[in-house]
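All remarks here apply to the structure that follows.
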Amino acid sequence: MNATTMAVRAGLRRGVIELRNTLSSGQDLWNFAFPTVILMATMFFTRGLTVPGTDFSLGARTLPSSFGMGIAFAGMLILAQQLIIDREDGTLLRAKATPNGMLGYLIGKIVLNSVLAVAGLLAQLLIALLFLDGLRIDSPAAWVTLAWVLVLGLVATLPLGAVIGSLIENPRNMGLVMLPTMGLIGLSGIFYPVSVFPGWVQAVAQVFPIYWLGLGMRSALLPDSLAAVEIGGSWRHLETVAVLGAWAAVGLLLAPVVLRRMARRESGSRVAARREKAMQRAM
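Per the UniProt record's numbering: the sequence shown ends with 283, consecutive numbering throughout.
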């Protein structure tokens, strides 16, 4: 068994252990459940509103869009935050000290965040079915579409999260990423059709993966008639694959380079300096 195979197996075991620890932590479970509670409340109170030009529930339209948003959060923001925290407390330095330890570490994080993203999606769907109608959950084609959008979305966003986490050292600087991301969510048609926005807003939204993740999820779970309110009047599956595939390619090319550079710069003195700054902030 070569070193890479051993690192992959170690990473899978690490992911299972971190998942078990997450599920046994009350604080982690609350952090996982709280966004779902907020989203469900939003959809419940908008279930009586309708998508412009249709009689379809705006709450039901928002549900699959929120799935796309959740994938983007898990891939880009949560993974980035985990990298930054583990960098500050020395976890990454310990991983670097073992053969192929960084590979195992990254695989563990990918397993953890992928499983949590899927679990969050299913939990939201099951709860929403109690008060939302019109979703295509009885169609095999819908589940196939949901599956490939989910997988491609994770491949497109997880490497980006690794890049972001490698570039930011201080957890307090996550706001530099969080605020623009929240702005993109507002522009990307997650809570309201982007087709009603000005043309320049539509153009900006289509550059980033959040819009395409929301569109792909809507194409899976909403009736085909709802495609009329989307840009171009269709679900644009080919364009979804092309844009998410392009982001995946960029991330997969950049992530190994940026991660190696970050790992080379890690040292005991840098970890100690970050700990001292963290203690000063806490005092």
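Backbone N, C-alpha and C fix where the C-beta goes; we use that ideal spot for every residue, glycine too.
Treat the numbers as computed from the prediction; the structure is a model and nothing was measured.
Just verifying my parser: in three-state terms, what is the DSSP assignment at T5? helix
S57 in three-state terms, based on DSSP: strand
Taking only beta-carbon positions, decide if L93 is within less than 9 Å of chain C. Here chain C cannot be found, since the structure has a single protein chain.
Continuous alpha helix (DSSP H) stretch holding R172: start and end: Element bounds for R172: n/a, residue is neither H nor E.
Suppose you measure from the CA of L146 to the CA of L259; what does that come to, to the nearest Å? Roughly 30 Å separates the two Cα atoms.
If contact is defined by three or more beta carbon pairs under 8 Å, each pair taking one atom from either stretch, is the stretch 235-246 in contact with the stretch 63-77? no
To the nearest whole angstrom, what separates the beta carbons of L121 and G70, a pair I think is in contact under 8 Å? Yes, they are in contact, since the Cβ atoms of L121 and G70 sit about 6 Å apart, within 8 Å.
Between the stretch 60-68 and the stretch 211-228, do at least 3 Cβ pairs fall closer than 8 Å? yes
Can you give, in chain order, each stretch of the alpha helix (DSSP H) that sits fully within the stretch 68-149 and has at least 4 residues? Counting only unbroken stretches of 4 or more residues, the alpha helix (DSSP H) elements lying wholly within the stretch 68-149 are 79-88, 91-96, 101-128, in sequence order.
Between the C-alpha atoms of A249 and A255, what's the straight-line distance to the nearest angstrom? 10 Å
Beta carbon of A80 nearer than 9 Å to that of I168: yes
Whose C-alpha, out of R14, L29, R13, F44, is nearest the C-alpha of D133? F44
Nearest to A119 (by Cα), restricted to the options F32, N100, E239: F32
Using only the alpha-carbon positions, how far apart do W212 and E18 sit? 30 Å
Bridge partner(s) assigned by DSSP for T50: S57
Contacting residues, own chain, Cβ-Cβ under 7 Å from D86 (five flanking each side not counted): Excluding positions up to five away in sequence, the list reads L92.
Since I107 and G165 should fall inside the 8 Å C-beta cutoff, what is the C-beta to C-beta distance between them, to a whole number of angstroms? Between G165 and I107 the Cβ distance is about 15 Å, and since that is not below 8 Å, they are no contact.
Classify G11 as helix, strand or coil using the three-state DSSP reduction. helix
Using only alpha-carbon positions, find the residue among A203, R14, V229 that is nearest to N113. R14
Short check: CB of L160 to CB of P209, under 9 Å? yes
Residues in the same chain with beta-carbon distance under 6 Å from T22, minus the five sequence neighbours each way, listed in chain order, please. D28
Give me the Cα-Cα distance between P99 and G153, rounded to the nearest whole angstrom. 30 Å
Which listed residue (A227, L187, S267) has its alpha carbon closest to that of V204: L187
Identify, in the order they occur along the chain, each residue of the same chain with its Cβ nearer than 8 Å to the Cβ of P223, setting aside the five sequence neighbours on each side. F56, G134, R136
I'd like to know whether the C-beta atoms of T5 and A228 end up nearer to each other than 9 Å. T5 is not a Cβ neighbour of A228, given a cutoff of 9 Å.
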